[in-house]
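Participant: Have a look at this one before I ask anything.
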Amino acid sequence: METLTGLEALESRRDTKTLLQYAKYKRMQAHPMHERTSMPTKCRLKRESFLHQARRLERRDPDLMEQATAPISIPTTLPTWKRKEFPEICTTVPGILQKQVQSEAERKALTLEYISQTYPNEEWTHAYTDGSAEKATRNGGGGILICRKDAAPIKKSIATGKFSTNYKAEAEALKEAAGVLKNSLMLPGDTICRKIVIFSDALSVLQALSNPQNQDVSELATALTTLQQSTEKTVIQWIPSHCNIQGNEEADRLAKEGGKLPQENQQVTFGEAKTIVKEKQRKRWLQQHPQYNPRDSYYQLSRKDQVIIVRLRTGHCRLRHHMFSKFHIGDTPVCHCGIADMTVEHLLQHCPIHQKLRAETWSADTPVQEKIFGTLQSLRCTTDFIRSSGVPV
Numbered sequence: 007m008e009t010l011t012g013l014e015a016l017e018s019r020r021d022t023k024t025l026l027q028y029a030k031y032k033r034m035q036a037h038p039m040h041e042r043t044s045m046p047t048k049c050r051l052k053r054e055s056f057l058h059q060a061r062r063l064e065r066r067d068p069d070l071m072e073q074a075t076a077p078i079s080i081p082t083t084l085p086t087w088k089r090k091e092f093p094e095i096c097t098t099v100p101g102i103l104q105k106q107v108q109s110e111a112e113r114k115a116l117t118l119e120y121i122s123q124t125y126p127n128e129e130w131t132h133a134y135t136d137g138s139a140e141k142a143t144r145n146g147g148g149g150i151l152i153c154r155k156d157a158a159p160i161k162k163s164i165a166t167g168k169f170s171t172n173y174k175a176e177a178e179a180l181k182e183a184a185g186v187l188k189n190s191l192m193l194p195g196d197t198i199c200r201k202i203v204i205f206s207d208a209l210s211v212l213q214a215l216s217n218p219q220n221q222d223v224s225e226l227a228t229a230l231t232t233l234q235q236s237t238e239k240t241v242i243q244w245i246p247s248h249c250n251i252q253g254n255e256e257a258d259r260l261a262k263e264g265g266k267l268p269q270e271n272q273q274v275t276f277g278e279a280k281t282i283v284k285e286k287q288r289k290r291w292l293q294q295h296p297q298y299n300p301r302d303s304y305y306q307l308s309r310k311d312q313v314i315i316v317r318l319r320t321g322h323c324r325l326r327h328h329m330f331s332k333f334h335i336g337d338t339p340v341c342h343c344g345i346a347d348m349t350v351e352h353l354l355q356h357c358p359i360h361q362k363l364r365a366e367t368w369s370a371d372t373p374v375q376e377k378i379f380g381t382l383q384s385l386r387c388t389t390d391f392i393r394s395s396g397v398p399v
C-alpha cells in the first residue's frame, strides 16, 4: 500500500516528528527540556521516554549526532526603509515552461535571448552562482563566476559546511558573490560595470529574498543591500538549471569543487536540521520501497480516481468476492451474472452484464494489467468504466 500511494507509514512519520522535536529542544536554550537532552536517560521497565526514542532514532544516523547546534534566536530582518536600496529580484524568464512540456534546447534558447536583450554584455557585468551538497545534506559547496569586460573572469569555489543543504549552499554562494563584487568595485581601475546582474537557478532562495519578512536569508539580504549601495543597479535574475547555459554550468562545476574542499563543522540551524532529517527519512523510505515509481500515472489522477485505482490494484474493495471471503458479509461471493466470483478481473474483463459498456470504453482487447497499471489514458478509461457500471468499489 505504501509503495502504491507513495505515503510513509504512521510509525515512520512519528519517528520524523520525534527527531524534529528533539532537534528543536537541543536549540531552545531557555526550554526546560534543553538541559535534559544532554543528560543520561532514566531506565524504565514498562515504556520508553521521549528521550529514549529520540536517541535511539538518532543513533541510526551518526551525522545527526555530530551536528553542532545553533541556538534558536530571534533573527533581525532587514528594516523596511533599507528595502528601498535592495536589488531587484526577478524569478521568471518569459516563455519558460515546465521541464515536462519544454525541451532543454528550447529553454536554453529562450534564456539566452532574454539575457542578451535585457542584460547586454556591453552595459552589464554578468555573475553566475550555484550551490550543491552531497546527497543534499552534507559537504556543501558554492561556485561563483564573474565575467568582466576586457579582463579574465573571476572564479571562486567555497565550502559551505560539513552539514549543509542545497538551499544553504545556494544562499552562501550568492552572499560570497555579493562580497567579491563589492570588493572588486572598490579596487582602482576595476573592469566591472556599475550595472550588475547575478544569475542563479536557486528559485527557492530568490523567493525567500522577495519576502521582506523571511528571516532565513537576513544575512544574505544585508550583503546584497550593501552591494546595491555601491552600484548603479543590481538585479538577481533566476535562470533554469541544467540547460547547458555556459555560465551556469561553470558555476555548477565550481560548486562541486567547493564541496571537495576542507569542511568546517559549522553550527546547524533548526531549519537546516529539519531539511536534513526529512531528507534522510525520505531516502530510508525509498530504500525500503525500491518498487516505488514516482512517475506512475496514478499520481496525475484526481483524488477520487486515485481511490478507485488503489482499490482495484490491491483488491481491498467492496466487490462481492472480497466482502464475502474476508469479512463474511453477504450471502455469496458470486457476481450478479452467476458465472463466477465478483473479482476485479471478472468485473473488468469477463462479466457479460457489462459487455456493452466494456466495448464502448475499450475499442480493443486490453489486459487487466494495462487497465489498472497502465498509462494515464488507460487509468481514466478504467475509472470511467467503474462509474458508468454503477458497481460500488
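First residue of the sequence shown? That's 7 in the working numbering, and the numbers climb one at a time after it. Virtual Cβ for every residue (Gly too), placed ideally from N, Cα, C. Because the structure is a prediction, the values reported are computed rather than measured.
Less than 7 Å between C-beta atoms, sequence neighbours within five positions excluded: which residues of the same chain meet that for Trp291?
Facilitator: Residue mapping note: residue 291 aligns to position 285 of the sequence shown, counting from 1. So the list reads Glu14, Ser18, once near-sequence residues are dropped.
Participant: What residue range is occupied by the uninterrupted beta strand (DSSP E) comprising Thr166?
Facilitator: Stepping through the sequence shown from its first residue, residue 166 is reached at position 160. Run containing Thr166: 160 to 167, per the beta strand (DSSP E) assignment.
Participant: When the Cα atoms are used, what is the spatial distance from Leu260 to Gly148?
Facilitator: For the purposes of this step, residue 260 is taken as residue 254 along the sequence shown, with counting starting at 1. For the purposes of this step, residue 148 is taken as residue 142 along the sequence shown, with counting starting at 1. Approximately 7 Å between the Cα atoms of the pair.
Participant: Per DSSP, which residues does Arg144 bridge with? Please list them.
Facilitator: Residue 144 sits at position 138 when you count from the first residue of the sequence shown. Glu140.
Participant: Please specify which runs of the alpha helix (DSSP H), each continuous and at least 4 residues long, are wholly inside the stretch 225 to 269, giving them in chain order.
Facilitator: The qualifying runs are 252 to 265.
Participant: Beta-carbon within less than 7 Å of Arg33's beta-carbon, same chain only, minus the 5 sequence neighbours each way: which residues are those?
Facilitator: Position 27 of the sequence shown, counted from the start, is the residue given in the question as residue 33. Cβ neighbours of Arg33 beyond the five flanking positions: Thr75, Ala76, Pro77, Ile78, Phe276.
Participant: With a threshold of 8 Å, are at least 3 pairs of Cβ atoms found where one atom belongs to the stretch 286 to 306 and the other to the stretch 378 to 388?
Facilitator: Counting Cβ pairs under 8 Å, three or more are found: they touch.
Participant: Can you list, in chain order, the residues of its chain whose CB lies under 6 Å from that of Leu267, leaving out five sequence neighbours each side?
Facilitator: Translated into the one-based positions of the sequence shown, residue 267 becomes position 261. Same-chain partners within the cutoff: Ala165.
Participant: State the start and end residues of the unbroken alpha helix (DSSP H) segment that holds Val316.
Facilitator: As a first step, residue 316 is located in the sequence shown; it is residue number 310 there, counting from the start. Val316 -> alpha helix (DSSP H) spans 309 to 320.
Participant: Does the distance from the CB of Ala257 to the CB of Asp136 come in under 7 Å?
Facilitator: As a first step, residue 257 is located in the sequence shown; it is residue number 251 there, counting from the start. As a first step, residue 136 is located in the sequence shown; it is residue number 130 there, counting from the start. For Ala257 and Asp136, yes; Cβs fall inside 7 Å.
Participant: Looking only at DSSP bridge pairs, what is Ile150 linked to?
Facilitator: Translated into positions along the sequence shown, residue 150 becomes position 144. Thr135, Lys162, per the DSSP bridge assignment.
Participant: Under 7 Å, do Glu176 and Ala208 count as touching if we go by C-beta distance?
Facilitator: For the purposes of this step, residue 176 is taken as the residue at position 170 of the sequence shown. For the purposes of this step, residue 208 is taken as the residue at position 202 of the sequence shown. Yes, the pair counts as a contact, with Cβ atoms nearer than the cut-off.
Participant: Which residue wins for smallest C-alpha separation from Asp21, given the options Ala60, Cys323, Gln123, Val274?
Facilitator: Position 15 of the sequence shown, counted from the start, is the residue given in the question as residue 21. Comparing Cα-Cα distances from Asp21 to each of Ala60, Cys323, Gln123, Val274, the minimum goes to Ala60.
Participant: DSSP three-state call for Cys387: helix, strand or coil?
Facilitator: Here the question's residue 387 lines up with position 381 in the sequence shown. Helix at Cys387.
Participant: Are the CB atoms of Asn145 and Gln273 within a distance shorter than 7 Å?
Facilitator: Residue numbering aside, residue 273 sits at position 267 when the sequence shown is read from its first letter. Residue numbering aside, residue 145 sits at position 139 when the sequence shown is read from its first letter. No. Outside cutoff.
Participant: Going by C-alpha distance, which of Cys199, Thr143, Met71 is nearest His132?
Facilitator: Position 126 of the sequence shown, counted from the start, is the residue given in the question as residue 132. Ranking the options by Cα distance to His132, first place goes to Cys199.
Participant: Answer with buried or exposed for Ala370, where buried requires no fewer than 16 other C-beta atoms within 10 angstroms of its C-beta.
Facilitator: The residue given as residue 370 occupies position 364 in the sequence shown. That one is exposed.
Participant: Mind checking whether Gln355 and Val340 have CB atoms under 7 Å apart?
Facilitator: The count along the sequence shown starts at 1 and reaches residue 355 at position 349. The count along the sequence shown starts at 1 and reaches residue 340 at position 334. In this structure, Val340 does not lie closer than 7 Å to Gln355 by Cβ.
Participant: List the DSSP bridge partners of Thr75.
Facilitator: The sequence position of residue 75 within the sequence shown is 69, counting from 1. DSSP output for Thr75 lists Val274 as bridge partner(s).
Participant: Can you give the Cα-Cα distance for Leu151 and Ile202, rounded to whole angstroms?
Facilitator: Stepping through the sequence shown from its first residue, residue 151 is reached at position 145. Stepping through the sequence shown from its first residue, residue 202 is reached at position 196. For Leu151 and Ile202, the distance between alpha carbons rounds to 13 Å.
Participant: DSSP three-state label for Ile202, please.
Facilitator: Indexing the sequence shown from 1 puts residue 202 at position 196. Ile202: strand per DSSP, three-state reduction.
Participant: Lys168 CB to nearest chain D CB: under 7 Å?
Facilitator: This model lacks chain D altogether, as it is built from one protein chain only.
Participant: With Glu178 as the anchor, note down where its alpha helix (DSSP H) starts and where it stops.
Facilitator: Residue mapping note: residue 178 aligns to position 172 of the sequence shown, counting from 1. 172 to 192 is the extent of the alpha helix (DSSP H) around Glu178.
Participant: Could you check which residue in Leu353, Pro358, Thr372, Trp244 has the C-alpha nearest to that of Met393?
Facilitator: Stepping through the sequence shown from its first residue, residue 393 is reached at position 387. For the sequence presented, residue 393 should be read as Arg rather than Met. Here the closest residue by C-alpha is Leu353.
Participant: Going by other Cβ atoms of all chains shown within 10 Å of its Cβ, with 16 needed for buried, is Gln27 buried or exposed?
Facilitator: Taking the first residue of the sequence shown as position 1, residue 27 is located at position 21. By the neighbour-count rule (16 or more Cβ atoms within 10 Å), Gln27 is not buried but exposed.
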